[in-house]
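Novice: FYI, the numbering used here numbers position 72 of the sequence shown as 108, with every residue one higher than the one before it.
The beta carbon of each residue, even a glycine, is placed where N, CA and C say it ideally should be.
Keep in mind the model is a prediction, meaning the values are calculated, not measured.
Have a look at the structure that comes next, please.
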Amino acid sequence: MAVSIFLNAINVFSMQSNSSVAVGENAQSGWVSHNKSNNGTSPQGTSLTSYNLITIIDPDAIDSTLNDQEINPTDILQRGT
């Protein structure tokens, strides 16, 4: 039995790292991500205070070394329309 899904709009208010908006037939496998963020006030950069000074001192040339040898095999079958 076929199922119909109707979408008039997709509203995305906030995307974070390692996120996706996927529509239709798709295969997403083996997602691996390494990241770092420095936030002075908040992730969105908003603050209720005024005339403030925010200093982030990050002297590291390399925050961490990664030797990521993960192998994520998967079966993906793609069909034409």
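So residue 59 packs on residue 106, CB below 8 Å; how close in whole Å?
Specialist: 27 Å between Cβ atoms; not a contact.
Novice: Look at the alpha carbon of residue 53 and the alpha carbon of residue 94, and state the distance between them as a whole number of angstroms.
Specialist: Looking at the two C-alpha atoms, the distance is approximately 21 Å.
Novice: Find the nearest neighbour of residue 70 within the set 109, 101 and 110, judged by alpha-carbon distance.
Specialist: Comparing Cα positions, the closest option is 101.
Novice: Within the same chain, show all residues whose beta-carbon is closer than 6 Å to that of residue 112, passing over the 5 residues directly before and after it, in chain order.
Specialist: Here the set comprises 63.
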